[in-house]
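One structure is given here, and the rest of the page talks about it.
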Amino acid sequence: MNTSLVVTVIGADRPGIVSLLSDRAKGFGANWAASRMAVLAGQFAGIVHFEVPAANAQPLADALATLESTGLRIVIARSEARAPPPHRRCVKLDLVGNDHPGIIRDLSTSLADRGVSIEELHTEIVSAAMSADRLFRVHAILAVPDALGDEALKRALEALANEMMVDIALGEPETPA
Numbered sequence: 004m005n006t007s008l009v010v011t012v013i014g015a016d017r018p019g020i021v022s023l024l025s026d027r028a029k030g031f032g033a034n035w036a037a038s039r040m041a042v043l044a045g046q047f048a049g050i051v052h053f054e055v056p057a058a059n060a061q062p063l064a065d066a067l068a069t070l071e072s073t074g075l076r077i078v079i080a081r082s083e084a085r086a087p088p089p090h091r092r093c094v095k096l097d098l099v100g101n102d103h104p105g106i107i108r109d110l111s112t113s114l115a116d117r118g119v120s121i122e123e124l125h126t127e128i129v130s131a132a133m134s135a136d137r138l139f140r141v142h143a144i145l146a147v148p149d150a151l152g153d154e155a156l157k158r159a160l161e162a163l164a165n166e167m168m169v170d171i172a173l174g175e176p177e178t179p180a
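In the working numbering, the protein residues as written are 4 to 180.
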């Protein structure tokens, strides 16, 4: 039986951080199941999901915690495998609009009020193609309760888009190749 460790790592960016994590994981027979990593404002920020034999979960967590002596901050969440929530479907959401404070707050509140969970979220600020305006972009994968029909979700998000003066598009998430 395997245990899942979800490890969050943050620290000043430098070469070798991923190597440190993968070296520790390999030493305890852990599988690198999934990850998201980026450099934001000069800081390395990463989240890694390790699947590790249950007997090695605590020793791996202890070994990863020693990386704090290298200047990294490490947070580890441990869980046993669980089934995905029933009666939900995945929907892709793309949003773009002029950047202003509160976009994520308004979007996430509207989704939570409808029982929608954000499974993945990627945001960025980019320059508009024909002007110097700053555009805020959101790419998200949502877990939508089956009880909330596509049309009801679309109407709610269209009303929010009009209020926030952004464009929102819904679609099917891409399947990995």
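C-beta atoms are modelled at their ideal positions from N, C-alpha and C, and glycine is treated no differently. Please read these numbers as outputs of a predicted model, since none were measured by experiment.
The beta-carbon distance between V12 and F47, rounded to whole angstroms, is 7 Å. This is short enough to meet the 8 Å contact definition.
The continuous beta strand (DSSP E) containing A15 extends over residues 5 to 15.
Cβ contact annotation for A159 (same chain, cutoff 7 Å, sequence separation greater than five): S113, R117, in chain order.
Annotation for T126: no alpha helix (DSSP H) segment contains it, though the beta strand (DSSP E) segment containing it runs 120 to 130. Distance from the CA atom of A135 to the CA atom of D102, rounded to whole angstroms, is 12 Å.
Beta-bridge pairing by DSSP links A37 to H52. Residue state for R117 is assigned as coil, using DSSP reduced to three classes.
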